[in-house]
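The sequence shown begins at 1252 in this note's numbering and counts up by one.
The structure appears below as structure tokens.
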Amino acid sequence: MPHALRLAQRGIVGLEGVTRCGRLNGILSCRPGLNLDARFSRFSRAASPRDIITAQKGDGACIIEGFLTPEITKRLNKDITAPLLNLRPGHRGTDPDLQDLHGENTKRLYNLASHSRTWREDIINDVAFHAICHEGLGKQQGDYWLSMAHVIEIGPGSLAQPLHVDGAQWWPFWNMSPGDPEIMLNFLVAVEDTTVENGATRVIPGSQRLSYRGDGEEQSAASWEEDDAVAVPLKAGDCLLIGSRVVHQGGANITTDSHRKVMTMTVVSSCFTPEEAFPLLIEREVARTLSDRAKKLLGYKEVTPFGSAGLWTGPAEDRAKVLGF
1252 MPHALRLAQR GIVGLEGVTR CGRLNGILSC RPGLNLDARF SRFSRAASPR
1302 DIITAQKGDG ACIIEGFLTP EITKRLNKDI TAPLLNLRPG HRGTDPDLQD
1352 LHGENTKRLY NLASHSRTWR EDIINDVAFH AICHEGLGKQ QGDYWLSMAH
1402 VIEIGPGSLA QPLHVDGAQW WPFWNMSPGD PEIMLNFLVA VEDTTVENGA
1452 TRVIPGSQRL SYRGDGEEQS AASWEEDDAV AVPLKAGDCL LIGSRVVHQG
1502 GANITTDSHR KVMTMTVVSS CFTPEEAFPL LIEREVARTL SDRAKKLLGY
1552 KEVTPFGSAG LWTGPAEDRA KVLGF
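What follows is the structure in structure tokens.
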């Protein structure tokens, strides 16, 4: 059966292109017609940030080839090898939903600033990275900062992640419409080649146009099915760029000996609280060596969203006395 007809029969799209709506888990979800021939645009890191963000918004995602140079990718891989080996896979908490999201045979390496000199000196100071953040967030909302950054290593035999949206971390997301300003960008960078077989990230094209209404407790992406997701394999150093609304998942790793290793860096408008408490995690001696741009990105300096008098603030002399820089 043609894919379009199968989707139409499930009520996800109409053959005539009419948007379909329905209630799921207390939420009224309106699903726009999908472009069933969607292909995510590919760019070089030298491409116009405006073109990159336009493609990401229009398709839900885009690929930046060679986002990290081979040399930086090699050095990052070397920096994180030992820390990853020392990690236990799986989520240590008892929440079954978080355990499923984390993955039973998946490792997540946090606090990259402490583990990788390459990350703290090269990657978070990268000109192309900041130009894209400015285009996608800064122009409309003012300062941005890093919400979290970690390396996700999906081990052999892992199931696919549950479908999810990254914006769900902040509750105002559920009351925002697809036409509202973007609140975050997620840079998913392949540290090693990712393939369909070892768990390449899977994205549902067009799902960034999904609307949510309602106050149900189970606010999720469950109105979509895994068959709707498209795998996006990446070469080492390539980046998959997504926003807060697109439905996606880490794919299943059906191999017996291959680990899927991706670095995720989520950047948010500075009016939202970061997930990772960088100033509490990074050793002061390491933080002192950071560039001013990196210090601001990681929460060591005041930030100013548009219309704000300043957030994360305090007298500069008091801050310097506590931090030592």
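Quick reminder that beta carbons are idealized off the backbone N, C-alpha and C, glycines included.
Computed from a predicted structure; not experimentally measured.
{"query": "Name the two residues that bound the continuous beta strand (DSSP E) containing ARG1496.", "result": "Note, ARG1496: premise wrong, no beta strand (DSSP E); not H, not E."}
{"query": "Please say whether ALA1545 and ASN1362 have beta carbons closer to each other than 9 Å?", "result": "no"}
{"query": "Counting only the same chain and skipping the five closest in sequence on each side, list residues whose C-beta sits under 8 Å from that of VAL1447.", "result": "ALA1482, PRO1484 and GLY1502"}
{"query": "Does the contact criterion of 3 or more C-beta pairs under 8 Å hold for the region 1492–1509 versus the region 1447–1457?", "result": "yes"}
{"query": "Give the straight-line distance between the Cα atoms of LEU1574 and SER1292, rounded to the nearest whole angstrom.", "result": "43 Å"}
{"query": "Under the assumption that MET1399 contacts PRO1321 (Cβ atoms under 8 Å), give the Cβ distance between them as a whole number of angstroms.", "result": "Their Cβ separation, rounded to whole angstroms, is 26 Å, which puts MET1399 and PRO1321 out of contact at 8 Å."}
{"query": "Please state the DSSP three-state secondary structure of GLY1389.", "result": "helix"}
{"query": "Starting from the Cα of PHE1318, find the closest Cα among ALA1312, GLY1311, ARG1339 and SER1295 and give me that residue.", "result": "SER1295"}
{"query": "Taking DSSP as the reference, what is the three-state secondary structure of CYS1384?", "result": "helix"}
{"query": "Looking only at DSSP bridge pairs, what is ARG1453 linked to?", "result": "ALA1482 and GLN1500"}
{"query": "Could you check whether the region 1493–1500 touches the region 1356–1370, counting it as contact only if at least three pairs of C-beta atoms, one from each stretch, sit closer than 8 Å?", "result": "no"}
{"query": "Which stretch, first to last residue, makes up the beta strand (DSSP E) that contains ARG1293?", "result": "1293–1295"}
{"query": "Nearest by alpha-carbon distance to CYS1522: which of PRO1530, PRO1556 and GLU1355 is it?", "result": "PRO1556"}
{"query": "Does the distance from the C-beta atom of GLU1355 to that of GLY1488 stay below 9 Å?", "result": "no"}
{"query": "With 16 other CB atoms within 10 Å as the buried threshold, where does GLY1565 fall?", "result": "exposed"}
{"query": "How would you write the range of the alpha helix (DSSP H) that PHE1529 sits in, first residue to last?", "result": "1529–1532"}
{"query": "Can ASP1310 and PRO1456 be called in contact, C-beta distance under 9 Å?", "result": "yes"}
{"query": "At the level of alpha carbons, what is the spacing between HIS1401 and CYS1384?", "result": "18 Å"}
{"query": "Beta-carbon within less than 6 Å of SER1542's beta-carbon, same chain only, minus the 5 sequence neighbours each way: which residues are those?", "result": "ASN1376"}
{"query": "Terminal residues of the continuous beta strand (DSSP E) containing ASN1437?", "result": "1435–1441"}
{"query": "Whose C-alpha, out of TRP1563, GLN1307 and ALA1298, is nearest the C-alpha of VAL1454?", "result": "GLN1307"}
{"query": "Mapping DSSP to helix, strand and coil, what is GLU1322?", "result": "helix"}
{"query": "Would you mind sorting ARG1339 into buried or exposed? The rule is 16 or more other CB atoms within 10 Å of its CB.", "result": "exposed"}
{"query": "Does DSSP put LYS1358 in a helix, a strand or coil?", "result": "strand"}
{"query": "Alpha carbon to alpha carbon, how far is ASP1479 from THR1540?", "result": "45 Å"}
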